[in-house]
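Visitor: Have a look at this one.
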Amino acid sequence: MKPAYRLTYALLLTACLPLPVFSQDAVPKVNAVVLSANQVIKDLKLLSDLTNKTEQTQWENIEGILETFLFGIDGSKPIGLQVMLGGGEQGRLRMALPITSLKVFRDENLGGFEINSRKVGVNLFKLSDKDETFGYMRFAKPYVTIGEIRSDVNVVINPRQEMATLLQRKYSLGASVTNTAANQASRRKAFLPVKKNLLAAIKPRQGEHPEEFALRKQILTFEIDDVERFFVESESVAGGLRIDPIRKQAHFDLDLTALTGSSLDASIQQLATTPSHFSSIPRSSDAILVGRLHHPLDPFRRAGLQALLASARSALHADIQRNTSATDSQKAASSQLVDVIVSVTSSGLQQGILDSFIDVKPSGNGGNVLVGGIRTVRGERLRAAIAALPQSTLKLNVSLDVETAGDVKIHSVTVPADLHNDFVSLFGESKTIYVGTSSDAAWCAAGPESLTLLKAAISAAAKPKETPDQSFLDLKLKVGPWLKLLDSRLGSKGNVADRKLALDAFQAGGDTIQLTLERRGKKVIGQTTLGTGILRFLGKTIAVFSKENLE
0 MKPAYRLTYA
10 LLLTACLPLP
20 VFSQDAVPKV
30 NAVVLSANQV
40 IKDLKLLSDL
50 TNKTEQTQWE
60 NIEGILETFL
70 FGIDGSKPIG
80 LQVMLGGGEQ
90 GRLRMALPIT
100 SLKVFRDENL
110 GGFEINSRKV
120 GVNLFKLSDK
130 DETFGYMRFA
140 KPYVTIGEIR
150 SDVNVVINPR
160 QEMATLLQRK
170 YSLGASVTNT
180 AANQASRRKA
190 FLPVKKNLLA
200 AIKPRQGEHP
210 EEFALRKQIL
220 TFEIDDVERF
230 FVESESVAGG
240 LRIDPIRKQA
250 HFDLDLTALT
260 GSSLDASIQQ
270 LATTPSHFSS
280 IPRSSDAILV
290 GRLHHPLDPF
300 RRAGLQALLA
310 SARSALHADI
320 QRNTSATDSQ
330 KAASSQLVDV
340 IVSVTSSGLQ
350 QGILDSFIDV
360 KPSGNGGNVL
370 VGGIRTVRGE
380 RLRAAIAALP
390 QSTLKLNVSL
400 DVETAGDVKI
410 HSVTVPADLH
420 NDFVSLFGES
430 KTIYVGTSSD
440 AAWCAAGPES
450 LTLLKAAISA
460 AAKPKETPDQ
470 SFLDLKLKVG
480 PWLKLLDSRL
490 GSKGNVADRK
500 LALDAFQAGG
510 DTIQLTLERR
520 GKKVIGQTTL
530 GTGILRFLGK
540 TIAVFSKENL
550 E
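Position 256, counted from 1, in the sequence shown is what numbering that gives the first Met the number 0 calls 255; the numbers after and before it change by one each time, with no gaps.
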């Protein structure tokens with residue numbers, strides 16, 4: 000038995016520290032359930048079957064390793080997990096395992112990992128490793144519950160009862176959190192050490208400037224604050240993974256309901272109430288990237304994004320001033336460019352507007368064509384930023400007002416020389432980007448016939464839909480073309496083997512990731528779908544890991 004397996008098992012059992020201050024009923028809990036060990040094996044076998052013949056030979060080895068974790072366990076029944084979160088630095092974890100034979104489980108499973116299970120009561124066992132106690136286990140047919148402290152195993156968890164709602168969804172792996180309004184203060188207190196530890200863990204990187212570090216920390220703060228609000232103000236959050244064996248796709252589902260009267264609830268009620276400014280622009284069916292985001296911003300997110308924007312502005316200004324090869328006039332023009340963009344962005348945030356689209360699709364003339372846009376407030380100010388480009392450190396060639404479409408002034412910008420190769424590989428031989436400015440939107444286009452398509456999009460947007468879409472976020476990405484560009488740019492740098500493995504997996508297609516978020520009444524419903532090519536890459540990765548570590 001390799002030490003890594005034993006360590007993994009022990010970590011599952013000892014993942015948490017004591018929970019000090021909350022009653023058992025007040026403890027925020029995450030329930031998770033695995034449909035069955037058999038289902039996990041079935042899903043992994045599907046991933047293996049998508050790989051080539053050589054990689055498939057690793058399945059026997061992988062299956063053998065999995066079986067070492069299953070001695071005495073009923074592979075047909077659900078496995079339950081509970082994470083109890085509280086005021087400590089971490090939470091506590093409880094496991095509910097279905098047992099076919101307690102003796103076999105104790106002797107061959109726990110014993111195989113050098114875990115001693117000593118009986119200390121009726122169906123109660125103390126778990127230790129080299130005389131150090133790290134958990135307790137209680138048995139009530141057909142389940143054992145394992146926890147860190149004795150009180151956590153006073154009752155044996157039966158997932159079919161406590162996690163019945165999740166099991167009804169037939170997820171291979173599902174998780175849920177259910178909260179009450181009365182315990183918001185407990186949850187907020189429970190989250191404080193999590194936030195403190197995460198922020199304390201971020202350290203300056205070698206050669207990183209103070210402003211860059213401050214920006215990176217501000218990004219993390221924004222993300223943590225958003226997670227905290229979901230954790231504290233959600234009434235229920237449920238999600239799960241399922242793999243479709245017919246279509247060979249994976250689906251991650253999510254649904255969220257906020258506590259009535261909370262700021263999160265108010266934010267959800269703003270979603271899908273008005274049509275996007277770009278709602279009438281057709282979506283390309285063959286796009287390698289297509290996205291729509293129409294998300295009204297409540298005061299909480301406005302404040303967070305404004306702080307992030309201010310930090311980004313400071314980092315950009317500092318970077319400009321550190322450029323020793325730039326003249327004072329170039330630095331001044333670059334600073335003006337940054338300030339105009341920040342000012343326009345800030346105005347949009349103040350109005351609570353986050354509305355944009357992007358569409359990148361193959362062109363019949365070679366390369367791809369991009370068209371995109373974003374809502375603005377007094378966006379005509381961006382013309383001054385474009386005008387400053389030739390005098391800035393970017394030294395770009397600009398032609399102002401080359402075309403007009405409705406109230407949109409269209410300008411052309413030449414791609415900088417150091418990006419020519421990347422630009423050509425993605426958009427063909429053209430080296431021009433078109434930028435449109437108007438009071439209520441900014442536009443961008445590149446690639447063959449992009450000017451024509453840009454003008455068509457502007458014309459379509461002039462007649463928006465009267466009713467809003469249910470979805471406020473819709474994103475579809477074809478990974479292969481973007482990974483090829485990244486691989487070409489990085490060359491021998493980075494994880495070359497992983498990129499090669501992925502590109503090989505994507506050759507047969509199905510390299511798609513699709514994400515949708517929509518509002519249905521008081522709920523936010525989300526789904527992420529991974530195509531067959533993505534699953535093939537996961538299967539190949541598992542096969543490589545098996546060959547390198549498990550043989």
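Even glycine gets a Cβ: it sits at the ideal position worked out from N, Cα and C.
Just so we're clear, the structure is a prediction, and the values are computed from it rather than from any experiment.
1) Using only CA atoms, which one of Val543, Glu66, His276 and Phe251 lies nearest to Lys462?
2) Would you tell me roughly how many angstroms separate the C-alpha atoms of Leu270 and Glu550, rounded to the nearest one?
3) Assuming contact is defined by CB atoms lying nearer than 8 angstroms, are Ile242 and Asp400 in contact in what I supplied?
4) CB Phe190 to CB Pro203, shorter than 8 angstroms?
5) Let me check one thing: in DSSP terms, what residues is Val143 bridge-paired to?
6) Can you tell me whether DSSP reads Gly111 as helix, strand or coil?
7) Mind the definition here: the segment 243–252 touches the segment 208–228 only if three or more C-beta pairs lie below 8 angstroms; say whether that holds.
8) Near Ile40, which residues of its chain fall below 8 angstroms by C-beta distance, leaving aside the five closest residues on each side in sequence?
9) Of all the options Phe133, Pro467, Thr164 and Ala386, which has the alpha carbon lying nearest to the alpha carbon of Ala77?
10) Tell me which same chain residues have a C-beta within less than 6 angstroms of the C-beta of Ser355, skipping the five on either side of it?
11) Using the beta-carbon count (16 or more within 10 Å), is Gly493 buried or exposed?
12) For Leu263, collect the residues of the same chain with a Cβ closer than 6 angstroms to its Cβ; drop the 5 residues on either side in sequence, then sort them by chain order.
13) For Leu296, which residues in the same chain have their Cβ closer than 6 angstroms to its Cβ, ignoring the five residues on either side in sequence?
14) By alpha-carbon positions, which one of Ser342, Leu172 and Val121 ends up nearest to Asn153?
15) CA-CA distance, Asp254 and Gly173?
16) Would you report the Cα separation of Arg558 and His294, rounded to the nearest angstrom?
17) Can you give me the start and stop residues for the beta strand (DSSP E) that Lys125 sits inside?
18) Looking at Pro274 and Thr56, is the spacing between their C-beta atoms short of 8 angstroms?
19) Which residues in the same chain as Val119 place their Cβ atom closer than 7 angstroms to its Cβ, once the five residues preceding and following it in sequence are excluded?
20) Would you identify the three-state DSSP class for Pro244, choosing helix, strand or coil?
21) DSSP three-state call for Pro361: helix, strand or coil?
22) Could you tell me whether the Cβ atoms of Ser278 and Lys475 are closer together than 8 angstroms?
23) Helix, strand or coil for Asp106, going by three-state DSSP, please let me know.
24) Name the residue from Leu214, Gln205, Ala383 and Arg301 whose alpha carbon lies nearest to the alpha carbon of His316.
25) Counting only runs that start and end within the segment 162–246, where is the alpha helix (DSSP H) found for 4 or more residues in a row?
Guide: With the given structure in hand:
1) Here the closest residue by C-alpha is His276.
2) 52 angstroms
3) no
4) no
5) Leu96 and Phe138
6) Three-state DSSP puts Gly111 in a helix.
7) no
8) Glu62, Leu65 and Gly74
9) The sequence shown places Pro at residue 77, rather than the Ala named in the question. Ranking Phe133, Pro467, Thr164 and Ala386 by Cα distance to Pro77 puts Thr164 first.
10) Leu292 and Ile373
11) Result: exposed.
12) Arg228, Glu232 and Ala257
13) Gly351 and Leu353
14) Val121
15) 12 angstroms
16) Residue 558 lies beyond the residue range present for the chain, which begins at 0 and ends at 550; the question has no answer from this structure.
17) Leu123 to Asp128
18) no
19) Spatial neighbours of Val119 in its own chain (CB-CB distance under 7 angstroms, excluding positions within 5 residues in sequence) are listed in chain order as Lys125.
20) coil
21) strand
22) Taking 8 angstroms as the Cβ cut-off, Ser278 and Lys475 do not qualify as a contacting pair.
23) helix
24) Leu214
25) Listed in chain order, they are 163–167, 183–200 and 209–232.
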